[in-house]
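Undergrad:
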Amino acid sequence: MFNITKGSWQGQVSTRGEYHHRQQGGDGAPVLLLLHGYQQTAERFFQRVIDAIPEEYEVYALDGPFPVPFQQPEGQWRLGYSWYFYSTRQKYYYVPMSAGVDYLMSWLKAHHLGSRVRKIVGYSQGGYLAPFLAKELSLVDQVVGLHCRFRHEDLGEPGPFRLDALHGEKDGLVDPAIAEESHRHLVARGWRGSFQLIPDLGHSVSGEMKVRLTSLLQGGGKP
């Protein structure tokens, strides 16, 4: 009779991704980070919103740490990336948000950028992650989430940065009503920020969303 056992192991696997950078001014220019959504790339998100980012910011967008190849309807495969892995059905993190935060903090440290990050703009999964990264960066003053829900149940006491949200009224992936309710909970707890619904918009970045994003970033989210 065989003796069958089960064990576990820990290892490190190198990951390779790309980052995109818009240089601005000298070494002291404030930095804005762009965090893409699930199965997206830094390049795709960067190209979609870069013209909405005010010129005074140096901008960085980088791929998440976890490659996620997926097959498109026509049969071709495409490579996207993820910051973490969460099952909405089972409500369970197979890979926690902290993995994405640790990855970003290591990258920022290696590039001597941590003390220069002032704003973070995250789309979908990147928006979920953004405030947790901001909590690790002492000088961030604003997080803008696009089509995401700020997890009021996990964010704890108010931070020093604003939480501003832009959400499509017809978003079929992240329920806008639930996202708005979470934002209300945060504001009631003392967090600062605004929640804006954009009419007739699904889970995508439109021209109207970019106009509002620019306005939020220029005004620091203030009315």
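Quick note on the working numbering: the sequence shown kicks off at 752 and runs consecutively.
Virtual Cβ for every residue (Gly too), placed ideally from N, Cα, C.
If you're wondering where the values come from, they're calculated on a predicted model, not measured in any experiment.
Using a Cβ-based criterion (distance less than 7 Å to any ligand heavy atom), does Gly944 qualify as near the ligand ZN?
TA: By its list of ligands, the structure shown contains no ligand whatsoever, and the ligand ZN lies outside what it can speak to.
Undergrad: When we look at the beta-carbon of Val962 and count the other beta-carbons within 10 Å, is it buried (16 or more) or exposed?
TA: So Val962 counts as exposed.
Undergrad: Are Gln933 and His898 close, meaning C-beta to C-beta below 8 Å?
TA: Gln is not the amino acid found at residue 933; the sequence shown has Ser there. Not closer than 8 Å, so no.
Undergrad: Do Arg840 and Glu809 come within 8 Å of each other at the CB atom, strictly closer than that value?
TA: The answer is no: Cβ separation not under 8 Å.
Undergrad: My output table needs one value for Ser838: the three-state DSSP class, helix, strand or coil.
TA: Reduced to three states, the DSSP call for Ser838 is strand.
Undergrad: Quick test of the definition: if touching needs 3 or more C-beta pairs under 8 Å, does the segment 920-934 touch the segment 890-909?
TA: Counting Cβ pairs under 8 Å, three or more are found: they touch.
Undergrad: Secondary structure at Ile804, three-state DSSP: helix, strand or coil?
TA: Correct three-state label for Ile804: coil.
Undergrad: Please list, in chain order, all residues of the same chain as Pro950 whose beta carbon is under 7 Å from its beta carbon, the five residues on each side excluded.
TA: So the list reads Glu920, once near-sequence residues are dropped.
Undergrad: Among Pro911, Tyr854, Gly896 and Asn754, which one has its Cα closest to the Cα of Leu813?
TA: Ranking Pro911, Tyr854, Gly896 and Asn754 by Cα distance to Leu813 puts Tyr854 first.
Undergrad: With DSSP as the reference, label Trp828 as helix, strand or coil.
TA: Three-state result, Trp828: strand.
Undergrad: Can we say the segment 781-792 touches the segment 876-889, given the rule of at least three CB pairs closer than 8 Å?
TA: Contact between the segment 781-792 and the segment 876-889 is present, because at least three Cβ pairs lie under 8 Å.
Undergrad: DSSP three-state label for Pro950, please.
TA: Of the three classes helix, strand and coil, the one that applies to Pro950 here is coil, per DSSP.
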